Every structure is written in C-alpha cells, then in structure tokens.
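Colleague: Line by line, the protein sequences give chains U and A. Under our numbering, read the first sequence as residues 1 to 284, first letter to last. Under our numbering, read the second sequence as residues 285 to 572, first letter to last. No residue lacks a Cβ here, since even glycine has one placed at the ideal position from N, Cα and C. Only a predicted model underlies this, so the values are computations on that prediction, with no experimental measurement involved.
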Amino acid sequence: MKIGFIGLGAMGRPMAGHLQRAGYQLFVWARRPESVGDLAATRCATPAELGRFCDVVFTVVTSSADVEGLALGQDGLIEGMAPGSVLIDCSTIAPDSAREIAARLGEKSIAMLDAPVSGGEQGAIDATLAIMVGGEAAALERVRPLLECLGQRIVHIGPNGAGQVAKACNQMIMVAAIQAAAEAIRLGAASGVDCAKLRQALAGGSAASRVLDVMGERMVKRDFAAGIEARLHHKDFGLVLEAGRKSGVPMPLTAAVSQQLNALMAQGWGRDDTSSLLRVLEIR
Amino acid sequence: MKIGFIGLGIMGRAMALNLIKGGHTVSVWARRAESMQPLLDAGAKAASSASDAAQGNELVISMVADAPDVAEVMRAVAAAAEPGLIAIDMSTIAPAAARQVGEALAAVGVDFLDAPVSGGEVGAIAGTLSIMVGGTEAAFAKARPAFECMGKNIVHVGASGAGQVTKAANQIVTGMGVLAVAEAFAFAAKNGVDRSKVREALLGGFAYSKILENHGQRMLDRNFKPGFKSWMHEKDLNIVMQTAHELGLCLPGSAATAQMFNAMVGSGMGEEDSIAVLKLLERLSGQE
Chain U
1 MKIGFIGLGA MGRPMAGHLQ RAGYQLFVWA RRPESVGDLA ATRCATPAEL GRFCDVVFTV
61 VTSSADVEGL ALGQDGLIEG MAPGSVLIDC STIAPDSARE IAARLGEKSI AMLDAPVSGG
121 EQGAIDATLA IMVGGEAAAL ERVRPLLECL GQRIVHIGPN GAGQVAKACN QMIMVAAIQA
181 AAEAIRLGAA SGVDCAKLRQ ALAGGSAASR VLDVMGERMV KRDFAAGIEA RLHHKDFGLV
241 LEAGRKSGVP MPLTAAVSQQ LNALMAQGWG RDDTSSLLRV LEIR
Chain A
285 MKIGFIGLGI MGRAMALNLI KGGHTVSVWA RRAESMQPLL DAGAKAASSA SDAAQGNELV
345 ISMVADAPDV AEVMRAVAAA AEPGLIAIDM STIAPAAARQ VGEALAAVGV DFLDAPVSGG
405 EVGAIAGTLS IMVGGTEAAF AKARPAFECM GKNIVHVGAS GAGQVTKAAN QIVTGMGVLA
465 VAEAFAFAAK NGVDRSKVRE ALLGGFAYSK ILENHGQRML DRNFKPGFKS WMHEKDLNIV
525 MQTAHELGLC LPGSAATAQM FNAMVGSGMG EEDSIAVLKL LERLSGQE
C-alpha cells in the first residue's frame with residue numbers, strides 16, 4: 001500500500017517514521033522541503049501529485065484553513081486522489097470544516113476520516129497516541145492497520161466531524177486541568193510549601209492525573225520549553241468556544257481558561273509549553 | 285443631501301424616517317420588499333438594488349444584521365460607485381471586518397465610515413442614538429448633517445474600525461452591567477430583601493447607572509420583551525471575544541458574561557431581552 005504524508009512537524013515526523021518502518025512505501029509533500037530531512041520518502045511536487053500515487057494520505061497540519069487548502073485548494077489532493085482512496089486528517093480542526101471537506105471529497109468518492117490524536121510528541125514517538133475517528137466505519141476498517149502503527153487506542157466515535165468533537169472535548173479537559181494544576185502549585189508556592197512535595201503527594205490521591213504528572217513536573221522544574229506549544233492550545237480553544245456557541249452550551253470554565261491563554265499569548269509565550277499558565281498567575 | 289439607505293429593520297426603518305424628516309432626499313432598499321412600504325409612504329424613493337441605492341447619491345448608509353451582509357451590500361455599492369460617494373455602515377460588526385470593507389471601498393475611490401450606534405429602538409425613533417464613528421475627518425464632516433438627524437451624542441473616535449472598537453467596548457460595559465444588576469437582584473432576593481428597595485437605594489450612590497435605572501426597573505416588572513434581544517448581545521460579545529483571542533487580550537469578565545448569554549440562547553431565551561439573564565440566574569440558584 002502506498003502512503004502519502006503531509007505535515008512533518010513535531011507530531012507528523014515520528015508518525016511518518018512508524019509507517020515507513022512498518023514497511024509501507026512513503027510519499028511526501030512539504031511546504032518547506034527541508035522538513036523532509038533524512039526521511040526515506042519520494043518527494044512530490046504538489047499535494048495533487050502525491051494524491052495520484054497514493055491509496056491513503058495522512059495530513060497532520062495546524063488549522064482548518066491549512067487542511068482545506070491541502071484537500072480542496074489549487075493542486076490539492078482532490079485533484080489527484082482516486083475514487084476509493086482515503087484521506088486521514090490527524091490535525092485538530094473545526095468539526096464543521098471536517099464535515100465540509102469530507103462532503104466535497106465524497107462527491108469524488110474519496111473517503112475522509114477525521115482522526116485527531118492525543119498524547120503529544122512523546123505519544124507520537126512511542127506510537128501510543130489515542131486516535132479518535134469520525135467517518136464511515138468501512139473506511140476506518142480499511143486503514144485500521146495503519147492507525148495501529150501510530151497508537152493503541154483507536155476509537156470510532158461516529159460520522160465525519162465526530163472525531164473532531166471528541167478532540168475538542170479532550171482539549172477542554174486537558175487545558176482546564178493544566179490551569180488547575182498551575183493554580184494549585186501557585187497557591188502552594190505562595191504559601192511557602194515545597195511544590196515538588198506537593199505534587200508528589202497529590203499524585204497518590206484523588207487529584208492524580210496525567211496532566212499533574214507531566215505538566216505538574218514541568219511547572220515544579222520550571223521547564224517551560226515545549227512540549228506542546230501553547231499557541232496550539234490557544235488556537236484549539238477558539239474552536240472549542242465556537243462549537244459551544246453554535247450549540248448554545250454554556251462553558252464558563254473553558255471561557256475563563258481561554259482568557260488565561262490570551263494572557264499567555266500576550267506575554268509572548270505561545271511557542272513555550274502550556275505549563276506556562278503557571279507564569280501567567282505569577283504576573284503582578 | 286441625497287442619501288441611499290439599505291436595511292430597514294427595527295433600527296433602520298426609524299433611522300431612515302428621521303433622515304426624511306430632516307429634509308434629506310432618501311432612496312431606500314431592503315431585501316424584504318414589504319419593509320420598504322412605510323418609507324415610501326413617508327416620501328422615500330424605492331431603489332431597485334443595493335447598487336441602485338448608491339447611484340446618484342452623496343451618502344449611502346447600511347443597517348443590516350452581520351458582517352457577511354455588510355460585505356455583500358458594500359460590494360454592490362462599490363460596483364456602482366461614483367467619485368465622492370461616502371459609504372457608511374451603522375451595523376455592529378467586528379472591527380477587523382469593518383477595516384476590510386473600508387479598504388475594499390477605498391480601492392474604488394469611496395470613503396467609508398464605520399458608525400455603529402447605541403440606544404436601541406427607542407433611541408432610533410427619538411433620533412437620540414449615540415453614534416461612534418471611525419474613518420477620515422473629511423468624510424465624517426460631510427456625513428455629520430445626516431448623523432445629526434439620527435443621533436445626539438456623535439463622536440468621531442478615530443480611524444477606520446475605531447467606531448466598531450468603541451461599540452464592542454460599549455457591549456462589554458452593557459453586557460456586564462446587565463449581568464451585574466441581575467446578580468445584585470438575585471443576591472437581594474435570596475437574602476429575603478426587597479429588590480425594588482435595593483434598586484432605589486443604589487440609584488443614589490456609586491452603583492448608579494442607566495442600566496440599573498432602566499433595565500433594573502424592567503427586571504422588577506419582569507418585562508422581558510425586547511428591547512435588545514439576548515442573541516444579539518451574545519453575537520456582539522462574540523465579536524469582543526474573537527477580537528480578544530486574535531490580539532492576545534485577557535478579558536475574564538467578558539468571557540464569563542458571554543457564556544451566560546450563550547446559555548440563554550441555548551435554553552431558548554434568545555428572542556427575549558438580554559435582561560432575561562435574571563431568569564437564568566434564578567434557575568441556577570433555585571429561586572423560581
């Protein structure tokens with residue numbers, strides 16, 4: 001099976017490597033050719049050309065507009081991909097965008113799965129990503145062996161867009177948890193408590209969480225190098241709040257956290273880790 | 285002056301009527317043709333399209349619902365543009381969207397003013413609107429006689445987009461103001477205190493505001509008829525929150541308030557006045 005891969009960033013690069021090691025022939029297109037590096041893959045001139053070669057194409061990029069451009073734009077995948085082929089978009093984008101792109105591709109009998117992932121760069125490297133999939137079950141079954149190269153927990157949530165809804169929910173819970181950890185550690189520090197011990201104690205109780213483990217440790221060590229760039233969470237919160245607005249669902253906590261993320265961006269920490277929410281609390 | 289007017293809803297109709305009363309020659313156009321009739325009865329000419337409303341006029345004014353509508357109407361205006369025309373949008377849209385419209389019109393030699401209003405239907409009918417204007421000084425000076433027919437407090441705030449920035453700031457203050465009064469009333473009631481007495485006492489102190497006086501009275505009367513519909517306040521606060529997101533601006537109070545209006549729309553109160561946020565608070569605290 002020939003696999004196309006677009007988006008060789010912090011997440012995409014290790015993911016492409018796993019597919020290649022599993023024996024699949026890899027085709028890539030990169031906006032910045034240098035990002036291909038030493039990856040043994042056939043370089044294509046345009047997304048359309050890549051689409052002509054491949055049975056399955058992965059995209060792992062940043063925004064709804066990026067995916068729309070790659071899939072539907074000039075020299076886009078839609079111009080090259082054959083009927084029956086599958087686009088797997090692992091980016092985090094708006095559910096509505098995912099549905100629209102799927103509908104347009106569907107007119108040409110190209111299947112699309114929205115398959116955003118959770119687990120961060122480390123999860124991508126370890127091939128332990130959680131993958132939440134929206135789209136037709138039959139299309140998922142055809143590509144499941146590929147996804148199993150990338151992650152262990154692959155859940156078919158529902159039709160197109162459902163994967164992105166799940167990812168939005170994931171981001172709400174995760175970043176709110178980071179904010180909660182930051183506030184706890186800030187309170188601890190301001191009260192003269194050793195934050196490393198605080199975190200250690202909490203990790204054994206009801207407040208234990210992956211976020212407290214990973215992000216809490218970064219906060220204690222004051223290691224704010226990304227990890228996950230905070231600007232991406234900031235972007236995601238725009239999507240999440242827009243989805244809440246369209247559904248008329250009040251999300252007071254998410255809204256409050258989004259303002260802390262706005263402050264973080266204003267400080268110029270967008271390319272640092274989201275554990276920088278601690279530093280926002282320290283502004284005085 | 286010869287003025288084209290596009291968009292004849294609750295606000296637009298009253299504003300266009302005041303232009304006619306002020307002695308201006310007004311041609312009107314609206315998507316729903318039947319909404320033009322009251323203006324034609326008052327002496328306006330019927331335009332056949334948004335482009336037609338611009339043709340041969342010195343000013344063309346739009347008062348429509350949202351940014352895509354403004355962009356569409358102003359595209360039509362640009363297509364019919366004659367040198368010296370001034371286009372004015374009095375709708376509430378995002379500052380960035382207003383700047384884009386201004387740039388597109390400038391490219392065909394049309395001056396653009398963003399001039400959103402505050403004061404509601406009552407102010408539109410009475411000709412006492414607050415008008416906050418962004419754009420060039422020269423265009424503002426030419427348009428001023430028209431503004432004076434529609435409003436009282438007319439402020440040229442700054443360059444293109446500044447009017448919409450001001451309107452967004454207005455919606456921050458009024459949105460949080462309505463919620464603040466509603467919370468104070470819920471607080472008083474839960475404590476068994478007569479809220480009308482609370483209002484009376486507060487009116488004499490630092491908590492005095494028009495919102496406490498007018499909206500507060502309507503809360504006491506449980507008169508939730510719009511006025512200003514809560515879905516529109518939600519829309520306006522969304523403009524605030526999206527702009528804050530783009531700029532990296534921390535607005536925790538606005539964010540919380542926007543979620544209350546979001547909840548109102550979600551629970552079917554979107555068509556009620558924004559003061560119905562009091563009912564939502566009462567439900568949340570089991571005060572019904």
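Please confirm whether VAL165(U) has its beta-carbon closer than 8 Å to some beta-carbon of chain A.
Modeller: No, its Cβ sits nowhere closer than 8 Å to a Cβ of chain A.
Colleague: Tell whether a beta-carbon distance below 8 Å holds between VAL354(A) and ILE372(A).
Modeller: In this structure, ILE372(A) does not lie closer than 8 Å to VAL354(A) by Cβ.
Colleague: Within its chain, find whatever has a CB closer than 8 Å to the CB of MET251(U); leave out the 5 residues flanking it on each side and keep chain order.
Modeller: Within the same chain, MET251(U) has close Cβ partners MET172, VAL240, LEU241, GLY244.
Colleague: Run through DSSP, which three-state label would THR412(A) get?
Modeller: THR412(A): coil per DSSP, three-state reduction.
Colleague: Where does GLY418(A) fall in DSSP's three states?
Modeller: In this structure, GLY418(A) counts as strand in the three-state DSSP scheme.
Colleague: Give the residues of chain U in contact with VAL357(A), contact being defined as C-beta atoms less than 7 Å apart.
Modeller: Near VAL357(A) there are no residues of chain U at all, since even the closest Cβ is about 25 Å away, more than 7 Å.
Colleague: I'd like to know whether the C-beta atoms of LEU278(U) and HIS234(U) end up nearer to each other than 8 Å.
Modeller: No, the Cβ-Cβ distance between LEU278(U) and HIS234(U) is not below 8 Å.
Colleague: May I ask you to verify whether the region 399-415 of chain A touches the region 294-306 of chain A, counting CB pairs closer than 8 Å and requiring at least 3?
Modeller: Contact between the region 399-415 of chain A and the region 294-306 of chain A is present, because at least three Cβ pairs lie under 8 Å.
Colleague: By Cβ distance below 6 Å, which residues in the same chain neighbour ALA364(A) in space, the five residues on each side in sequence not counted?
Modeller: Excluding positions up to five away in sequence, the list reads SER335, ALA338, GLN339.
Colleague: Please list, in chain order, all residues of the same chain as VAL441(A) whose beta carbon is under 8 Å from its beta carbon, the five residues on each side excluded.
Modeller: Closer than 8 Å at the Cβ level, and outside the excluded window around VAL441(A), lie MET416, VAL417, GLY418, GLY447, VAL449, THR450.
Colleague: So, under 8 Å CB-CB, PRO379(A) and GLN259(U) are touching, yes? Tell me the CB distance rounded to an integer number of Å.
Modeller: The pair is not a contact, with the Cβ atoms about 19 Å apart (cut-off 8 Å).
Colleague: Can you confirm whether the region 135-142 of chain U touches the region 181-199 of chain U when touching is taken to mean that 3 or more C-beta pairs between the two stretches lie within less than 8 Å?
Modeller: No contact exists between the region 181-199 of chain U and the region 135-142 of chain U.
Colleague: Considering only the beta carbon of each residue, do LEU176(U) and ALA539(A) sit closer than 8 Å?
Modeller: Checking the sequence, you will find Ala at residue 176(U) rather than Leu. No; because the gap between Cβ atoms is not below 8 Å, this pair is not in contact.
Colleague: When you compare only the Cα positions, how much space is there between LEU205(U) and ASP505(A)?
Modeller: Inspection of the sequence shows that residue 205(U) is occupied by Gly rather than by Leu. Those two C-alpha atoms are separated by around 51 Å.
Colleague: Please look up how many angstroms separate the CB atoms of ALA203(U) and ASP273(U), rounded, as I've assumed it's under 8 Å.
Modeller: Rounded, the Cβ-Cβ distance is 19 Å, inconsistent with contact.
Colleague: At a CB distance below 8 Å, what residues from the region 79-112 of chain U approach chain A? Give them in sequence order.
Modeller: Those would be none; no residue qualifies.
Colleague: Using CA coordinates, which residue listed in LEU323(A), ALA298(A), VAL357(A) is at the minimum distance from SER333(A)?
Modeller: When each option's Cα is compared against that of SER333(A), the closest is VAL357(A).
Colleague: Assuming GLN164(U) and ASP126(U) form a contact by the criterion Cβ under 8 Å, report the distance between their Cβ atoms to the nearest whole angstrom.
Modeller: 24 Å between Cβ atoms; not a contact.
Colleague: May I ask you to verify whether the region 460-475 of chain A touches the region 315-322 of chain A, counting CB pairs closer than 8 Å and requiring at least 3?
Modeller: Flag = no, the region 460-475 of chain A and the region 315-322 of chain A do not touch.
Colleague: Would you mind working out which of GLY461(A), ILE456(A), GLU566(A), LYS563(A) sits nearest CYS534(A), comparing C-alpha positions?
Modeller: The option with the nearest alpha carbon to CYS534(A) is ILE456(A).
Colleague: Could you tell me whether the Cβ atoms of SER375(A) and VAL348(A) are closer together than 8 Å?
Modeller: Taking 8 Å as the Cβ cut-off, SER375(A) and VAL348(A) qualify as a contacting pair.
Colleague: For chain A, check one thing: does any of its Cβ atoms lie closer than 8 Å to the Cβ of GLY134(U)?
Modeller: No - not a single Cβ of chain A is within 8 Å of the one on GLY134(U).
Colleague: Spell out the partners DSSP gives GLU79(U) in its beta bridges.
Modeller: Paired residues: none, contrary to the question.
Colleague: Given that GLN543(A) touches chain U, what residues does it touch there, using C-beta distances under 7 Å?
Modeller: Here the neighbours are PRO250, MET251, PRO252, ALA255.
Colleague: To the nearest angstrom, report how far apart GLY17(U) and ASP38(U) are at their CA atoms.
Modeller: Looking at the two C-alpha atoms, the distance is approximately 10 Å.
Colleague: Taking DSSP as the reference, what is the three-state secondary structure of ASN507(A)?
Modeller: Three-state DSSP puts ASN507(A) in coil, outside helix and strand.
Colleague: Given that ASN475(A) touches chain C, what residues does it touch there, using C-beta distances under 7 Å?
Modeller: Protein chains in the displayed structure are U and A, and chain C is not among them.
Colleague: Look at VAL561(A) and GLY248(U) and say whether their C-beta atoms are less than 8 Å apart.
Modeller: Not in contact: VAL561(A) and GLY248(U) (Cβ atoms no closer than 8 Å).
Colleague: In the structure shown, what three-state DSSP assignment does ASP126(U) receive?
Modeller: DSSP places ASP126(U) in helix when its eight states are reduced to three.
Colleague: Comparing the C-beta of PRO352(A) with each C-beta of chain U, is any distance below 8 Å?
Modeller: Not an interface residue.
Colleague: Are there 16 or more other CB atoms within 10 angstroms of the CB of TYR24(U), so buried, or fewer, so exposed?
Modeller: By the 10 Å Cβ count, TYR24(U) comes out buried.
Colleague: Please report the Cβ distance between VAL60(U) and MET15(U), rounded to the nearest whole angstrom; I am assuming they are in contact, meaning their Cβ atoms lie under 8 Å.
Modeller: Contact flag correct, Cβ pair sits at about 6 Å.
Colleague: Taking the DSSP output, what are the residues bridged to LEU26(U)?
Modeller: According to DSSP, which records beta bridges pairwise, LEU26(U) is partnered with ILE3(U).
Colleague: I want to know whether the region 482-492 of chain A touches the region 432-439 of chain A - three or more CB-CB distances under 8 Å.
Modeller: No, the region 482-492 of chain A is not in contact with the region 432-439 of chain A.
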